[in-house]
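The numbering used here puts the first residue of the sequence shown at 10, with every later residue one more than the last.
Quick notes on the structure that follows.
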Amino acid sequence: MIGIKHLKTIATLKETGSLVNTARELFLTQSALSHQIKDLENKLDCQLFERKTQPVRFTPQGMLLLELAHEILPKIEATKCRLKAVSYTHLTLPT
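If you want it as structure tokens, here you go:
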């Protein structure tokens, strides 16, 4: 299954262009990041990007996942904001 952390990882990888910078940005070790990506690739049975390219070059499958990340992550953030707003409104209503 593709999780939010996977989508964040792929989006950050595109943004930073490297595994080293992505690991730093996500507060992971490079080893942990590599394991996370390899696990996702195994689950999806495809390679998501070409290794040893600078910046990282996504495969067609990686581009599909990146498109999903760009579609889903903003919706998740917007929903978090809306949830906070609803909670705040609920807490400040007179009783």
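Note that CB positions come from ideal geometry on N, CA and C, so glycine has one too.
Predicted model, so just to flag it, every value in this text is computed and none were measured.
### Task
Could you tell me how far apart the beta carbons of Leu49 and His15 are, in whole angstroms, since I believe they sit closer than 8 Å?
5 Å
#### Entry: Per-residue burial, Lys89 [other beta carbons within 10 Å of its own, 16 or more giving buried]
exposed
### Query
Which residues mark the beginning and the end of the alpha helix (DSSP H) in which Val29 is found?
Note, Val29: alpha helix (DSSP H), 28 to 34.
### Query
If you run the structure through DSSP and keep just helix, strand and coil, what is Arg91?
It is helical.
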